[in-house]
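For reference, the structure is listed below as structure tokens.
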Amino acid sequence: MGRRREPVAPPVAPWVRTRLRAAPGAAAALALLVALTACLAGAYPRAVDRYEDAGLRRALRQARPEHTTVRLSAPQPDLGLPPGRRAAALRPAALERQYTKVLGTIGEPLAVDRAQSAYGVAGTVTPAVPDPWLPRPTGLPARVSLTAQSGLAAHARVRTGRLPRAARPVDATTPEVEAAVTAATAESLRIEVGAVIHVPAPGRRPLAVRVTGILVPRDPDGAYWSTVPLLRTPSLVTLPTPGPDPDRYWLGALLLAPEAAPALLGTGTDPARYWHLAPDPRALRAHDLDRLRPAVAALESGPALQRARAVTDQGADVDTDLDEALAAFSRLRSGIAPLVAVAAAGTATVVAVVLLMTGGLAADRRRAELALLRARGASLTGLAGRLLAETAVVAVPAGALGLAVALLAVPAGRVAPAVAAALAATLTACAALPLRAALAHRTVRLTAPREDIASVRPSRRRTVAELTLLVLAAGAVAGLRRRGTTGDQLVALAPVLVGVIAALLLLRLHPLLLRRLSGPAGRLRGAVGHLALARAGRTRASAVLPLLALLTALTTAAFGGSVLAGVAAARDRAAVLAVGADARADASAPLPAAARARARAVPGVRAVTPVAVSHQARPADGQDEVPLLGVEPRGYARLTAHTALGAFPSDRLAAVRSRPLPALASPSVAAAYGTRRPFPVRLADGSAVTVRIVLVRDRTPAVPGADFLVVDRAGLPAPAARPTALLLTGDRVDAGALRHAVGTSATVRVRAEERARYADSPLQSGAEHVYTAAVATGAGFAVLALLLSLVRAAPERAALLARLRTMGLTRAESRRLLILESLPQAVLAAAGGALTGWSAITLLSPGIDLTAIALPTAASPAPTAGLRPDTWSLALPALAVLTAAVGVAALQAWWTGRRGSVTELRAGDGR
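The sequence shown begins at 725 in our numbering and counts up one residue at a time.
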């Protein structure tokens, strides 16, 4: 008998492959969306790291190496030791061994730039040298600092002569050593190759230091030369002696060979050993700041200092201002980071909503299919797993591709946060469809339930969730108003939570408002208006996501636009306060008579206001000096109105013969000398004028200080009335041409250049760029959410128009119907977004200070930069939403009109 054949199971097509082949367009769109989202999510933390690291490097450069270098120093060896051991302790071999061990004591994450670090021996006392050929500005002899530092050959280029060396072992009794000087020292102290400088030594003949070479530093701004600036540049020291001509003397450095360091033991310079550890800005990271500051503190007075003393000398000590530079950077970073976090939180919310809407759109498109699978016995877990696998096959490779693009586009920064952000975006995209399907098909139904808000009362769970969000939003707003932007992460979500609450509130009020409008609309001629309002009022419950995305994006855009507008306004105001005009030229002496005409001819200049500034004016013959400004009342009044700095009516300041000069004064000057009685003002040349204060203003353009007197210069003596400053008004003043016009004797400042200086910090400009990109991304995804909501309703609208056209609806009425149907939600979102943005800004502005992101860390004449609602930031996003909604509705009506009604009315079409 033949073998019995086993039954063969029918082939089963793989689920994932079948679904991808059935809807390739939807899979490609999902892949594109996930790739874009993962790219943006991965790029954000790396962009933040990049500008923060650049800001840290900038802060360390501005602090200068003399403040940031860690200076470890130890006194000379014990005087009780044998001379040989004392000399050996100062030789390069011993110092190099200790330097290597000191490097091992530096804790992470403090990185040392070994190329700019050095060690050696230097005298702590700078003796006066008796050589008469050295310059003596006031008769005092020059002084020198003896230094034997390692690595001289690698950090200097020999211009004349050769490097110093020690032909034989040197000790405290050596009578002569060789040294080199930098070109700046040689020029100032008139030192030439072959010159001998005699350094006094107690109990013996002076130590002869022969100069063998003149050096040019290869990197004069590096830590090797700048930790002790005296090594490269001599100093003309002024003694605090009374009189107009104080005593001064020259102080320069003589660079000995490292092997000649023991010779300092025989002088009175009190030599000390040192190890200079220059931090490497390229290896320092802003995200390590919380560990970097304790590491520096441990070096100054902690375990690291004890380890350094164990390998060098028990009397060793550390001196550095690196901790102060890091603290200043940390304060600036702490003021900027929360503002960026607000934009990031808003954008992340909008992106998450769009990803959830994408899953919801796919679940609605396949509602009949999924319901059939559930009715035929598919478990909820199995169904969700199949959908997850189907989505993951598309989303995971797309997310990986987006992450790779982000890593290539932003090469600097940490990888782990970028991977985590991209992974979160990818997982959200993967989970959106399974979760939405599981929620919609958790029970098996034969018919789909109605989801109209007008007919379904909100559940208790939704009410509890909304109340919870309301409490969180109220707590975040209260915390931000009370603590500012230094609170926890909940504070960064305050604008987002305000937008969420507004969206939920508008969703509850939306049907009620439309129902009130549908009654009057029904009495109008035609059925289009009534039908559009009736359909708009029967909004699905799923409309919460697009409205949430729109309101959150509009709130974030309004908040971000107001932040950027406030930053720009603060910089403009600071520049005006610093310059006093669009441009100015100041001189210590009266300007030439033709300077005003030449300045007026400069391109971009509209008006020139001359000002005679006398800084040595003494009111009431007292000892206090107050700047006296002689101006032309009409021109100066126009300038004050243009700059909004103490505007005044010009006729109040015009001089009248045989009467005291009317004066405009600051509040402090008015309080000191009164406004009722005239008082004399003694000028620098000995002449005097009598003035009477008639106007009081807080500021004036000509001087930035809080004390001033402004009078009509026609009433001043001729010498005091000659202008020393020109204040210019105009657009795009040519700074180069202005400098050429007024000559080298005047200092020129332009408001545009001053404003640009406020924005040149990498930390501030980088944060501003990231903030702008985040707001733009949120706005783009909000428009995408609006498009997705319209696409979701497109099949139903197309079928409705087809049915109505069979009943006589014209194409014009079709366009009007779709536009009117989409307008209520768009108007609601636009008006609600603008109102919510204004409310969020008004509520949160007391706790937000924009000074950190707007102005540099140095003292600025501008007041605190606060957050104020910006009209354009509120109006433009709302108008964009309305335009997009109307445009898409009109496009859909036009496209539907081109297609025939038969396709839309086919029996069995899933609509």
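Note that CB positions come from ideal geometry on N, CA and C, so glycine has one too.
With a threshold of 16 other CB atoms inside 10 Å of the CB of residue i, please say whether the residue is buried or exposed.
i, result
"Asp1594", "buried"
"Val853", "buried"
"Glu983", "buried"
"Met1531", "exposed"
"Gln1616", "buried"
"Pro1601", "buried"
"His1464", "exposed"
"Val1139", "exposed"
"Pro1343", "buried"
"Pro1351", "buried"
"Glu1492", "buried"
"Glu916", "exposed"
"Ser1469", "exposed"
"Ser1411", "exposed"
"Gln1488", "buried"
"Pro1391", "exposed"
"Ser1312", "exposed"
"Glu1048", "exposed"
"Arg743", "buried"
"Trp1619", "exposed"
"Glu1545", "buried"
Looking at C-alpha atoms only, which residue of the options is the closest neighbour of residue i?
i, options, result
"Arg1017", "Ser1054, Asp1043 and Ala984", "Ser1054"
"Ser795", "Gly804, Arg770 and Gly844", "A quick correction: the sequence has Arg, not Ser, at residue 795. Checking every option, the nearest Cα to that of Arg795 belongs to Gly844."
"Ser841", "Tyr775, Leu1377 and Tyr948", "Tyr948"
"Ala1076", "Ala1146, Asp1014, Ala1491 and Pro1062", "Ala1146"
"Leu1591", "Ala1609, Thr1575 and Leu1603", "Thr1575"
"Leu757", "Ala1122, Gly1429 and Ser1538", "Ala1122"
"Arg1636", "Leu1029, Pro748, Arg1320 and Leu1008", "The requested residue 1636 does not occur in the structure, where the chain is confined to residues 725 to 1635."
"Ala1438", "Asp1012, Arg1383, Leu803 and Asp1455", "Arg1383"
"Arg1540", "Ser1485, Ala1614 and Gln1549", "Ala1614"
"Ala767", "Leu1046, Ala1142, Leu1440 and Leu963", "Ala1142"
"Leu1606", "Leu1274, Ala1034 and Thr871", "Leu1274"
"Pro806", "Leu989, Val952, Thr824 and Thr909", "Leu989"
"Val1418", "Val1393, Val1610 and Ala1408", "Val1393"
"Ser912", "Pro861, Arg883 and His879", "Pro861"
"Phe1403", "Ala1341, Ala1536 and Gly1026", "Ala1341"
"Gly808", "Thr850, Pro986 and Thr909", "Pro986"
Could you name the residues of the same chain whose beta carbon sits closer than 8 Å to that of residue i, not counting the 5 residues immediately before and after it, in chain order?
i, result
"Leu954", "Ser869, Leu975, Gly976 and Ala977"
"Thr1044", "His791, Thr792, Thr793, Val794, Arg795, Val1020, Leu1023 and Glu1024"
"Thr848", "Thr993, Asp994, Pro995 and Ala996"
"Trp1562", "Ala1282, Pro1593 and Leu1598"
"Ala818", "Ala812"
"Arg1320", "Val1332, Pro1334, Pro1447 and Leu1450"
"Val1610", "Ile1543, Ser1546, Leu1547 and Ala1550"
Measure how close the beta-carbons of residue i and residue j come, nearest whole angstrom, since I'm counting them as under 8 Å.
i, j, result
"Pro1003", "Val836", "7 Å"
"Thr1276", "Val1074", "5 Å"
"Ala759", "Gly1101", "So it is not a contact: roughly 36 Å between Cβ atoms."
"Val1466", "Leu1315", "7 Å"
"Ala1309", "Val1472", "5 Å"
"Val979", "Gln822", "The sequence shown places Leu at residue 979, not Val. No, Leu979 and Gln822 are not in contact; Cβ-Cβ is about 21 Å, not under 8 Å."
"Val935", "Ala919", "5 Å"
Taking Cβ positions, are residue i and residue j nearer each other than 7 Å?
i, j, result
"Pro888", "Ala904", "yes"
"Val1078", "Ala1578", "no"
"Asp1306", "Arg1475", "yes"
"Ala1226", "Gly1556", "yes"
"Leu1230", "Leu1552", "yes"
"Leu798", "Thr1036", "The sequence given here places Ala at residue 798; Leu does not occur at that position. Cβ atoms of Ala798 and Thr1036: closer than 7 Å."
"Thr1649", "Gly1223", "Residue 1649 lies beyond the range of the chain shown here (725 to 1635); nothing can be said about it."
"Asp777", "Ala1133", "no"
For residue i, collect the residues of the same chain with a Cβ closer than 6 Å to its Cβ; drop the 5 residues on either side in sequence, then sort them by chain order.
i, result
"Ala890", "Ala981, Glu983 and Ala984"
"Arg928", "none"
"Arg956", "Thr906, Pro941, Pro944 and Trp949"
"Arg1015", "Pro833"
"Ala1086", "Leu1157"
Can you name, in chain order, every residue of its own chain whose Cβ lies under 7 Å from the Cβ of residue i, other than the five neighbours on each side?
i, result
"Leu1451", "Gly1304, Ala1305, Arg1308, Thr1333, Val1335, Leu1363, Pro1425 and Ala1426"
"Thr1453", "Ala1305, Asp1306, Arg1330, Ala1331, Leu1363 and His1366"
"Leu1013", "Leu1050 and Ser1054"
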